[in-house]
Amino acid sequence: MKPIELEKVQQALDSYLNKEVYVHLETTNGAYANHLDANAYTVGAYIRNSKVTYKQAKIIGEGNSYRVGLKMELGWIYAEGLTDWTIYEGNQLLLAGHDREGRLMVALEVSETPFK
Numbered sequence: 108m109k110p111i112e113l114e115k116v117q118q119a120l121d122s123y124l125n126k127e128v129y130v131h132l133e134t135t136n137g138a139y140a141n142h143l144d145a146n147a148y149t150v151g152a153y154i155r156n157s158k159v160t161y162k163q164a165k166i167i168g169e170g171n172s173y174r175v176g177l178k179m180e181l182g183w184i185y186a187e188g189l190t191d192w193t194i195y196e197g198n199q200l201l202l203a204g205h206d207r208e209g210r211l212m213v214a215l216e217v218s219e220t221p222f223k
């Protein structure tokens, strides 16, 4: 993965507009929180291979942290804290947010084919 390039990521997001796509969205502080502080809560959310069609996509942010919103007919998918991106296997847009130690904190992935 490489640091987010705003214009390139926007183009990639736009390439999926009005198409049925598969989305993976994950947030976590994993065992990191509890490992470092016994009083901290471990939190996370996970959805994989959810079929959606979004009509608008927007990435915003500056510097080293971005957020992406995907507008569907009846709502939004939203991820914040994204730092890195890549195109995987030619057609899967992978976006991730890592903390200062490189640990995964958030992931948003979009593809025309299901994720394995």
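Positions 108 to 223 (the numbering used here) are the ones given, in order, by the sequence shown. Beta carbons are placed, not taken as given, at the ideal position from N, Cα and C, and that holds for glycine.
Taking a contact to mean a Cβ-Cβ separation below 8 Å, would you say residue i touches residue j in this structure?
i, j, result
"L124", "K162", "yes"
"E112", "A214", "no"
"N156", "Y129", "yes"
"L120", "A164", "yes"
"Q117", "I166", "yes"
For residue i, report the span of its beta strand (DSSP E) as first-last.
i, result
"D191", "D191 to Y195"
"G204", "Q199 to H205"
Based on Cα-Cα distance, which residue from the options lies nearest to residue i?
i, options, result
"F222", "N198, E187, S122 and N171", "N198"
"F178", "M108, K109 and E127", "The question names Phe, yet the displayed sequence has Lys at residue 178. Nearest of M108, K109 and E127 to K178, Cα basis: E127."
"V217", "M108, S122 and K109", "S122"
Could you please give the first and the last residue of the uninterrupted alpha helix (DSSP H) stretch that includes residue i?
i, result
"Y124", "Correcting the residue identity first, residue 124 is Leu in this sequence and not Tyr. Premise fails: L124 is in no alpha helix (DSSP H) and is neither H nor E."
With a cut-off of 8 Å on the beta carbons, I'd call residue i and residue j a contact; round off their distance for me.
i, j, result
"T149", "N171", "Not quite, the Cβ-Cβ distance comes to about 25 Å (not below 8 Å), so this is no contact."
Discussion item. In chain order, what are the residue ranges of uninterrupted beta strand (DSSP E) at least 3 long that sit wholly in the stretch 140-181?
Written reply: 151-169 and 172-179
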